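I have placed the structure first, in the form of structure tokens, so that the comments after it can refer back to it.
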Amino acid sequence: MTQEELGFVFGVSRQTVTGWETNQDPMPLSKLVKFSNLYKYSIDYVIGLRRKNDNYIEIKKLNKKQVGSNLKAIRNKLGLTQQQIADECMITQPTYSGYESGRFLVTSLTLYTICLKHNLSIYDILK
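Here you go:
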């Protein structure tokens, strides 16, 4: 599939796809999930958390509230404050709080950082 064709599938320009492929721009989480489902590739594999495509799970729908609840549960299990997680991700605490409360969906970059730092799978948070 060409960048232009993939852009059509995702409703974005070829230049946006180029930005994703060259790591100039992070792929939004909703698009990352769609890409993973389209090609049956593990999200962990696609973003570089795993070297093998061995844990693909289809995500049918992203639920901001559930994702936020999972983020909070994991943070509490790790014994960290919102400020500590926000600092690790180089975001503000109010932004992170918005993710946990489900006001808005966590970004793929923030999710990657949390999972990399704490040896988690993205599926631990998206389930």
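Residue numbers for the sequence shown follow our numbering, beginning at 1 and rising by one. We treat Cβ as the ideally placed atom computed from N, Cα and C, and that holds for glycine. These numbers come from a predicted model, not from an experiment.
Sub-7 Å separation of residue i and residue j beta-carbons
i    : j   : result
G102 : K65 : yes
Q93  : Q83 : yes
Cβ-based neighbour list, residue i, same chain, cut-off 6 Å, excluding 5 preceding and 5 following
i    : result
C115 : L49, I122
N70  : I125
E4   : R14
S42  : N53, N55, Y56
Coarse secondary structure for residue i, derived from DSSP in three states
i    : result
S121 : coil
L109 : helix
Residue i, buried or exposed, once every other Cβ within 10 Å from all chains shown has been counted against 16
i   : result
D44 : buried
Y96 : buried
K40 : exposed
L38 : exposed
Nonlocal neighbours in the same chain, by C-beta distance under 7 Å from residue i, ignoring five residues either side
i   : result
G68 : Y99, E100, S101, G102
G7  : S13, R14, T16, V17
TODO: Please list the segments of the alpha helix (DSSP H) lying wholly inside the segment 14 to 81, counting only runs of 4 or more residues, in order along the chain.
DONE: With a minimum length of 4 residues, the unbroken runs of alpha helix (DSSP H) contained wholly in the segment 14 to 81 fall at 14 to 21, 29 to 39, 43 to 46, 64 to 78.
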